[in-house]
């Protein structure tokens, strides 16, 4: 017996006994039946409504999975920040983007350290961002630009901080959340790299720092924001600070929390001001001028020492009659 028949069975029997008519129910009986089972009818309608809604949602999910570009969701129907084994859990198949066992990406194979002091830089912002579609593993993601600043990426973004290496498939998601990405060539001058990392740590918590070999020739450093990039041969603190203040936190999504990806993480980013980075690079306003003053003072001391050494040599030469 069906659910509907069981629900209505008592009222039907009562109506039949009252009318002594087993072939058909009178209008009075139908009225009595509907009145007695009003609550049950409402429950059945609610169940039907929920079933229809569920069917519509299921169709939407199926269509979104089949064609990510046909949905109005800018991420293509794949939610962010939800680890799943069938899509992205920041563990399975991550070697598609970068194998954590590889050292190729952060090892310098050049014979000499890259030259400094060229003071070359360029700044560029795209007029329009590429769609931030979330793509599941194991699908491969490739980019036409070696330094992409928008576009498709993985659903799970990195924990903010310093890494052995982070692939663009991950740090693009950080840019979307308003973070900055600090990239340096592993063959750059070691002191310059230290200064660059220190600057990144002091500017904001929402940053990812990583070595990256796909920098243009003669360029050793890059700072990326959503749609924008600053590429430099040397660490120019004033330029980087101005870029960070102008472009940080300008992503389409204001998400300050860490992601779930942590392969290659060396150290997590620490708070600079607060969780939302309410002030960018608070302690680096005059740092470049201060460092230049220190460098000039150091050169003056070196020159004085060299002059004193020359005078001493001349005096010794006179004494020895040379």
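Numbering (the numbering used here), first residue to last: -13 to 308.
From the three backbone atoms N, C-alpha and C, an ideal C-beta is built for every residue, glycine too.
### Task
Answer yes if the region 239 to 253 comes into contact with the region 129 to 146, meaning at least three C-beta pairs across the two stretches below 8 Å, and no otherwise.
yes
### Query
Can you tell which of 120, 93, 220 has its C-alpha closest to the C-alpha of residue 151?
93
### Message
Using 8 Å as the threshold, is the C-beta distance between residue 133 and residue 210 below it?
### Response
yes
### Query
Whose C-alpha, out of 189, 123, 264, 220, is nearest the C-alpha of residue 204?
220
### Query
If we call anything under 8 Å between Cβ atoms a contact, is residue 107 one with residue 222?
yes
### Task
Would you list the one or two residues that DSSP bridges to residue 197?
170
### Query
If we call anything under 8 Å between Cβ atoms a contact, is residue 212 one with residue 238?
yes
### Query
What does DSSP give as the partner residues of residue 111 in its beta bridges?
214
### Message
Given a cut-off of 8 Å on the beta-carbon distance, is the pair residue 191 and residue 255 in contact?
### Response
yes
### Message
Rounding to the nearest angstrom, what Cα-Cα distance links residue 234 and residue 189 in this structure?
### Response
10 Å
### Task
Measure the Cβ-Cβ separation of residue 60 and residue 154 and say whether it is below 8 Å.
no
### Query
For residue 69, which of 116, 247, 166 has the nearest alpha-carbon?
247
### Query
Who are residue 144's beta bridge partners in DSSP?
247
### Task
Please name the residue, chosen from 62, 299, 182, that lies closest to residue 267 on a Cα-to-Cα basis.
182
### Task
Return helix, strand or coil for residue 187, following the three-state DSSP convention.
helix
### Message
Is it buried or exposed, residue 263, if we count other Cβ atoms within 10 angstroms and call 16 or more buried?
### Response
buried
### Message
Only counting the same chain, and skipping five residues up and downstream in sequence, which positions put a Cβ closer than 6 Å to that of residue 198?
### Response
169
### Query
Where does residue 71 sit, in a helix, a strand or coil, going by DSSP?
coil
### Task
Could you check if residue 206 is buried or exposed, using at least 16 other CB atoms within 10 Å of its CB as the buried criterion?
buried
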